[in-house]
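Asks: Chains as they are written, first to last, in the numbering used here: chain A, 1 to 255; chain B, 1 to 329.
Just dropping this structure here.
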Amino acid sequence: MGAPAVKIAVCIKRTPDSESRFRIASSGVAIDEAGLKFDIDDFAGYAVEAALQINEKGGGGETVVVAVGPDSVQESLRKAMSMGADRAVQLKVDSVPADGLAVAKALAAELKDGGYDLILFGKHAFDTSAGVVGTATAELLGLPCVTAVSQLDVASGRGSARRELEGAAELVEFPLPAVVTIDEGVARPRYPSLKGIMAAKKKPLESKPAQLGAVRVSVQKAELPPERPAGRIIGEGASAVPELVRLLQSEAKVL
Amino acid sequence: MANVLVYAETRGAALRKLALEAVTAARALADASGGGEVHALVAGPSGVGAASEQLGAYGADVVYVVEHAALSNFERESIAATLADRAKQGGYRAVVLGFSTQGRDLGPRLAVKLDAPIASDVTEINVAGDAIVVKHPGYANKVLVTLTLSGSLVVLSVRPGAITAKQAARSARVESIQPAVDPSASRVVVKQVVEGAKGRPDLGEAPVIVAGGRGLKAAENFKLVEELADAFGNAAVGATRAVTDDGWRPHSDQIGQTGRQVSPQLYVAIGISGAIQHLAGMRTSKTIVAINKDKDAPIFKVADYGIVGDVLEVVPALTTAVKAARASH
Ligand SMILES: Cc1cc2nc3c(=O)[nH]c(=O)nc-3n(C[C@H](O)[C@H](O)[C@H](O)COP(=O)(O)OP(=O)(O)OC[C@H]3O[C@@H](n4cnc5c(N)ncnc54)[C@H](O)[C@@H]3O)c2cc1C
Numbered sequence: 001m002g003a004p005a006v007k008i009a010v011c012i013k014r015t016p017d018s019e020s021r022f023r024i025a026s027s028g029v030a031i032d033e034a035g036l037k038f039d040i041d042d043f044a045g046y047a048v049e050a051a052l053q054i055n056e057k058g059g060g061g062e063t064v065v066v067a068v069g070p071d072s073v074q075e076s077l078r079k080a081m082s083m084g085a086d087r088a089v090q091l092k093v094d095s096v097p098a099d100g101l102a103v104a105k106a107l108a109a110e111l112k113d114g115g116y117d118l119i120l121f122g123k124h125a126f127d128t129s130a131g132v133v134g135t136a137t138a139e140l141l142g143l144p145c146v147t148a149v150s151q152l153d154v155a156s157g158r159g160s161a162r163r164e165l166e167g168a169a170e171l172v173e174f175p176l177p178a179v180v181t182i183d184e185g186v187a188r189p190r191y192p193s194l195k196g197i198m199a200a201k202k203k204p205l206e207s208k209p210a211q212l213g214a215v216r217v218s219v220q221k222a223e224l225p226p227e228r229p230a231g232r233i234i235g236e237g238a239s240a241v242p243e244l245v246r247l248l249q250s251e252a253k254v255l
Numbered sequence: 001m002a003n004v005l006v007y008a009e010t011r012g013a014a015l016r017k018l019a020l021e022a023v024t025a026a027r028a029l030a031d032a033s034g035g036g037e038v039h040a041l042v043a044g045p046s047g048v049g050a051a052s053e054q055l056g057a058y059g060a061d062v063v064y065v066v067e068h069a070a071l072s073n074f075e076r077e078s079i080a081a082t083l084a085d086r087a088k089q090g091g092y093r094a095v096v097l098g099f100s101t102q103g104r105d106l107g108p109r110l111a112v113k114l115d116a117p118i119a120s121d122v123t124e125i126n127v128a129g130d131a132i133v134v135k136h137p138g139y140a141n142k143v144l145v146t147l148t149l150s151g152s153l154v155v156l157s158v159r160p161g162a163i164t165a166k167q168a169a170r171s172a173r174v175e176s177i178q179p180a181v182d183p184s185a186s187r188v189v190v191k192q193v194v195e196g197a198k199g200r201p202d203l204g205e206a207p208v209i210v211a212g213g214r215g216l217k218a219a220e221n222f223k224l225v226e227e228l229a230d231a232f233g234n235a236a237v238g239a240t241r242a243v244t245d246d247g248w249r250p251h252s253d254q255i256g257q258t259g260r261q262v263s264p265q266l267y268v269a270i271g272i273s274g275a276i277q278h279l280a281g282m283r284t285s286k287t288i289v290a291i292n293k294d295k296d297a298p299i300f301k302v303a304d305y306g307i308v309g310d311v312l313e314v315v316p317a318l319t320t321a322v323k324a325a326r327a328s329h
C-alpha cells in the first residue's frame, strides 16, 4: 500500500516576467502592465510542481490551487490545472493589495475548513519580494510553518524538509497539517502537455469574493530607481590588473 | 512619544551586524516619534546577555535578555511569542527586525499575533503624521515602492546593509525575561544542521563578495574564486545558478532573483554573463568588477570596472596583486 492520500492546497501569485523593462503607470502608484507577460510566480511554480510530485508518488490525493486576484489570475489557475492540479479557487479582488496580512486573512478564511494536510506557498513573490503571506497564513491557521524549503517529503502524517538558511541548511521534521514555503531546489515546474491543457478546460474553477478585511498598507508611490552609471571596460587580460587595483584603492576605496 | 521594540538578532552568541542596523533604524524612528525609548530583545543560550552593552552603545535604552539552552538554535515559535508578549505590554509604535532568514520568519508571525500591518525589506523609514512611510525596492530592485502603513503599531523588517549602524551611546537597563513559550516544545523539530562554508562572513554581511560563473569551466577552477576571496580577507564567495545547478557550489551560495540578494561594497563577478536574474541579486552593490572574455557580456553594462580576458589568466594575477596591495598597508 502506498502512502495515504494527501490533500494539498497551493497558493499561487501571478507576477510579470522578471526580464521585463518596467514603466510606471500614469497613476504613479503601480507599474504599467501594458505589454507585460504575466505567469505563475517562479517560487509558486516550484510549489505547484512539488505538490503534484507528492501526490503522484503517494497515488491519489488532491491538489487545489488558490489565488487572490482579479479575473486575470484565472489564466494562471488554469495553467496550474493544465500541469495537473485538480481544481482551483479564485478569491476575487480588483487588485492585490500591498498588505500581506490582509491577503493572508483572505487565504486563511478560505483554507481554514478545507481539510488540507499541506498548504504550500512560494517563499516570496517576485513583485513584492516580501515573503509575508505564507508565514502569516500559517500563523492565522495556528499551523506549524517551515519556510524556504528546498526538499520536501511526506510520509505517514509527517513532513520532512530541508530548510535553507543563510549559508547553511536544516533538516527538519514536522506534523501535518502544516504550511511550507518553497525555495528553489524542490523541482522545476513541468510544462503543461496538450492533454493537460485540454483536461484543464473541464476542471472546476470556483470564483468568490476575497475576505480581505481592513487594508492598512498602501502604495503611495512607485518609481524607477536611478540607473547605475554605464559600465566601463578598463583593459584586457592580466595587464589590466594593476590599473584595476589602483582604481579599487584610489577611486572606489575598497582595498 | 512612543517606544520602539527591536529584535537584536544573534548568531551563536554574537550580535549580527544587521542587529545593530535594526537598532539604529529603531533609534531614528523613536526619535522621530517624539523621543521614545528603544527596547531591544536579544535571545539565545546562556551568555547572550553579554550583547547588552553593545546594544546600549548603539542606542538601546532597555535590553530584554531571554536566555534558554534550547535557544542555541534560532527557535521561531518561542521567540515570536516572546516578542509579541513584550510588544503587547503597550506603548510601542513599531517592532523592527532585520530582513534576514530569522526576520523573514518572525515578521509575519508578529504581524498576526499583534494584528499589525507589516512591511518587509525596507530601506528607509519615515514618520508622516499618524502614518509610517517606508521605501521598499520591489520587482527584484527594479521598482522602488513607497508604502504607507496605518495603525498604531506596525512591524518593519529592514534590508541588511541599507541603514548604516551608528553609535548613540546609552547605558542600557538590562532585564532578564523568560521565554513566553517553551523553546524546547517546537512543533518543527530540527534533526540536523548542515553547515555551510566555515570561516567566511555571510553573503548578506560581507563587505566584499567574489562570485564565480560558468566561465570558470570546471568545478576545480572555483578555487581561483576562493583564493581571491582569501586575498581580500573579508570576502564571501557567491555563485550563479549555472554553477549551483551543476553542483559546483551549494544552492546557498547562489546570488540572484532566486538566490540571495546582496549589496556589498565590492562585488567581483568572475566568468559571469550577467543574466537579468543574476543582476537582480547584486546590481545594488556599491562597486562592481567584472572579468569576462566576451566584451559584449551584459555584466559589463553594470560593471564599474571591467576586464576583458580569460579568468584563468586574470584572476590569479588579481589575487597576487590584491595580496600585495593589502600587505603594503
Ligand atoms: C526563473 C529563473 C530564475 C533564475 N534565477 C537565477 C539566480 O537567482 N541567479 C543566477 O545567477 N541565475 C539565475 N537564473 C539563470 C540565469 O538566467 C543565467 O542562466 C545564469 O545566471 C548564467 O550563469 P553564468 O553567468 O554562470 O553562465 P553563462 O551565462 O553561461 O555565462 C558564462 C560567462 O562566462 C564567460 N566565459 C566563458 N569562458 C570564460 C573564460 N575562460 N574567461 C572569462 N570568461 C569566460 C562567457 O563569456 C559568459 O559570459 C535564473 C533563470 C530563470 C529562468
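Heads up, the beta-carbon is just placed ideally off N, CA and C, and yes, glycines get one too.
Give a yes or no on whether the minimum CB-CB distance between B:Glu392 and chain A is below 7 Å.
Replies: For chain B, the structure presents residues 1 to 329; residue 392 of chain B sits outside this window and is missing.
Asks: Give a yes or no on whether the C-beta atoms belonging to A:Ser82 and A:Ile197 are separated by under 7 Å.
Replies: Taking 7 Å as the Cβ cut-off, A:Ser82 and A:Ile197 qualify as a contacting pair.
Asks: Against chain A, which members of the region 189-204 of chain B pass a CB distance test of less than 7 Å?
Replies: Taking 7 Å as the Cβ-Cβ cut-off against chain A, the residues of the region 189-204 of chain B that qualify are Val189, Val190, Lys191, Gln192, Val193, Val194, Glu195, Gly196, Ala197, Asp202, Leu203 and Gly204.
Asks: What does the shell around ligand 3 hold, if a residue joins when its beta-carbon is under 5 Å from any heavy atom?
Replies: Of the ligands one can find in the structure shown, namely ligand 1, none is ligand 3.
Asks: Please list the residues of the region 134-146 of chain B that have a C-beta atom closer than 8 Å to any C-beta atom in chain A, keeping them in chain order.
Replies: Per Cβ criterion, the list reads His136, Pro137, Gly138, Tyr139, Ala140, Asn141, Lys142, Val143, Leu144, Val145 and Thr146.
Asks: What in chain B is Cβ-close to A:Leu140, meaning under 9 Å?
Replies: By Cβ distance, chain B contributes Val112.
Asks: Cα separation between B:Leu55 and A:Ser27?
Replies: Distance between the alpha carbons of B:Leu55 and A:Ser27 is about 43 Å.
Asks: For a contact defined as C-beta to C-beta under 7 Å, what are the partners of B:Tyr305 on chain A?
Replies: Correct list: Arg232, Ile234, Leu244 and Leu247.
Asks: Consult DSSP for B:Lys223 and reduce its assignment to one of helix, strand or coil.
Replies: Correct three-state label for B:Lys223: helix.
Asks: Strictly under 7 Å for the Cβ-Cβ distance: is A:Lys221 near chain B by that measure?
Replies: Interface residue, yes.
Asks: Show which residues of chain B have a CB atom less than 9 Å away from the CB atom of A:Glu184.
Replies: Neighbours of A:Glu184 on chain B, chain order: Arg241, Thr244, His251, Gln254, Thr258 and Gly259.
Asks: Output, in chain order, the set of chain A residues within a Cβ distance shorter than 8 Å of B:Ser100.
Replies: Neighbours of B:Ser100 on chain A, chain order: Glu166.
Asks: To which residues of the same chain is A:Gly2 closer than 7 Å at the C-beta, ignoring the five residues directly before and after it?
Replies: Caution is warranted here: a pLDDT of 47 is assigned to A:Gly2, below 50, making its placement in the model unreliable, and the coordinate value is therefore given only provisionally. Same-chain partners within the cutoff: Gly58 and Gly59.
Asks: Taking 8 Å as the threshold, find out whether the region 63-77 of chain A comes into contact with the region 9-29 of chain A through three or more Cβ pairs.
Replies: Yes, since at least three Cβ pairs between the region 63-77 of chain A and the region 9-29 of chain A fall closer than 8 Å, the two stretches touch.
Asks: Report buried or exposed for A:Lys79, applying the criterion of at least 16 other Cβ atoms within 10 angstroms of its Cβ.
Replies: Burial call: buried.
Asks: For A:Gly100, I'd like the list of residues in its chain whose CB is within less than 8 Å of its CB, leaving aside the five on either flank, ordered along the chain.
Replies: Only Thr128, Ala130, Val132, Val133, Ala136 and Val217 meet the Cβ criterion.
Asks: From A:Tyr191 to A:Glu49, what distance separates their C-alpha atoms?
Replies: The straight-line gap from Cα to Cα measures roughly 10 Å.
Asks: Considering only the beta carbon of each residue, do A:Gly213 and A:Ala104 sit closer than 7 Å?
Replies: No, these two residues do not count as a Cβ contact at 7 Å.
Asks: Let's test the definition: count the other Cβ atoms within 10 Å of the Cβ of B:Asn292 and tell me whether it reaches 16, buried, or not, exposed.
Replies: By the neighbour-count rule (16 or more Cβ atoms within 10 Å), B:Asn292 is buried.
Asks: Since B:Phe300 meets chain A, which of its residues come closer than 9 Å, beta carbon to beta carbon?
Replies: The answer, in chain order, is Gly231, Arg232 and Ile233.
Asks: Would you kindly work out how many angstroms separate the C-alpha atoms of B:Val48 and B:Glu67, rounded to a whole number?
Replies: In a straight line, the C-alpha of B:Val48 is about 7 Å away from that of B:Glu67.
Asks: Does the Cβ-Cβ distance between B:Ala128 and B:Gly59 come in under 7 Å?
Replies: In this structure, B:Gly59 does not lie closer than 7 Å to B:Ala128 by Cβ.
Asks: Take the Cβ of A:Leu77 as the centre, count every other Cβ of all protein chains shown within 10 Å, and call the residue buried at 16 or more, exposed below.
Replies: Burial call: buried.
Asks: Is the region 201-215 of chain A touching the region 273-288 of chain B, taking contact as three or more C-beta pairs under 8 Å?
Replies: The answer is no - the region 273-288 of chain B does not touch the region 201-215 of chain A, with fewer than three Cβ pairs under 8 Å.
Asks: Could you check how far apart the C-beta atoms of B:Ala211 and B:Ile255 are, in whole angstroms? I think they sit under 8 Å.
Replies: Yes, they are in contact, since the Cβ atoms of B:Ala211 and B:Ile255 sit about 6 Å apart, within 8 Å.
Asks: Would you identify the three-state DSSP class for A:Phe126, choosing helix, strand or coil?
Replies: Three-state DSSP puts A:Phe126 in coil, outside helix and strand.
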